[in-house]
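As structure tokens, the structure follows; a few thoughts come after it.
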Amino acid sequence: YYVQVISISPSGESFPSAVASAEAYENFFNTTKTNNFALSIIFSFIILISIFLAKKRELFIRRIAGLEALDEALGRATEMGKPVLFMHGLASMGTISTIAAVNVLSRVAHRTAEFNTELRVANRDPVVMAVSQEVVKESYLNAGRPDAYSEDSVFMVATEQFSYAAALDGMMVRDRPATNIMMGYFYAESLLLAETGASIGAIQIAGTDAYTQLPFFITTCDYTLMGEELYAASAYLSREPKLLGSLKGQDIGKAVLLIVMILGTLLATLEIQTLTHIFTAY
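Note that the sequence shown covers residues 34 to 315 in our numbering.
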């Protein structure tokens, strides 16, 4: 590249500078992103240490009432001789909340197989239905009850939002399940489903990361998993060291970020510019 600067006076006279040459070179390391790199290394190290500790001893995980109540709700359905109805949200299999819901379904299916309780899993997405079928089938196999699994227990309801809600409402009123479990991403149908379930006296456990629907679930359900409580369900229920360690490490990372945000705010307020570049994302 060749660069020349020409300055023009108010009278219109131009004063060109000497022509300078410049050449572009590829950088081995972008130093402006050093803070991002350092934080990535620190958080990765924290997660690895947490996984290592989880393999050595029991890590403290805050009690989640909705997950603790799962066995109680399934036991109630067993005592009453009524089915358990598991309802997925409307999101596809690629959504985090749906993946988390499938993990909860695995635990529910395992327990219903042990209790010899009828399980019904309602779906509105064919891919989610296919995954749910495999998860339920595997759970029954792991519980030593492959003979108790029925292909009809996991079924499609409807692909349209309110057709899905209307069909499930009718199913609840007719069959009167003892336990309703709603996990995933829900929209306006959340209140329709939860109100109907409450009217038939079912124990209801809901979980969603749709913050707009949380008030309806909290009002009408016995237990509600809010936001990241749903994501943590798999680690909480399985107590698998890798999952528990990852969960604990992420919590520590969030605490560090919160402290950094407070510190950065204080530095900016006090106009101390020396360290503010550390908090710049670039």
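Every residue gets a Cβ at the ideal spot worked out from N, C-alpha and C, and that includes glycine.
query	result
L152 and N213 closer than 8 angstroms at C-beta	no
Uninterrupted alpha helix (DSSP H) stretches inside the region 208 to 238 (no shorter than 4 residues)	222 to 232
Pick from G203, V187, A146 that is closest to A181, judged by C-alpha positions	A146
Identified DSSP bridge partners for R153	L118
According to DSSP, residues forming a beta bridge with F195	Looking at the DSSP assignment, F195 forms no beta bridge with any residue, so it has no partner.
V190 - containing alpha helix (DSSP H), residue span	Segment: none, V190 is in no alpha helix (DSSP H) and carries neither H nor E.
Spatial distance of G177 from P116 (CA atoms)	20 angstroms
Within 8 angstroms, strictly: CB atoms of V320 and L107	Residue numbering for the chain in the displayed model covers 34 to 315; residue 320 lies beyond these limits and cannot be assessed.
M113, buried or exposed, once every other Cβ within 10 Å from all chains shown has been counted against 16	exposed
Of the listed residues I285, L123, R95, S54, nearest to F78 (C-alpha basis)	I285
Three-state secondary structure (DSSP) of F249	helix
Run of the beta strand (DSSP E) containing L258, from where it starts to where it stops	256 to 259
Identified DSSP bridge partners for A316	With the chain represented from 34 up to 315, any question about residue 316 goes unanswered, as that position is not in the structure.
Option nearest K281 by Cα separation, candidates L300, V293, E273, I80	I80
Reduced DSSP category for F48 - H, G, I as helix; E, B as strand; rest coil	strand
Secondary structure of G240, DSSP reduced to three states	strand
Nearest-angstrom Cα separation, counted from A155 out to L100	20 angstroms
DSSP state of I41 mapped onto helix, strand, coil	strand
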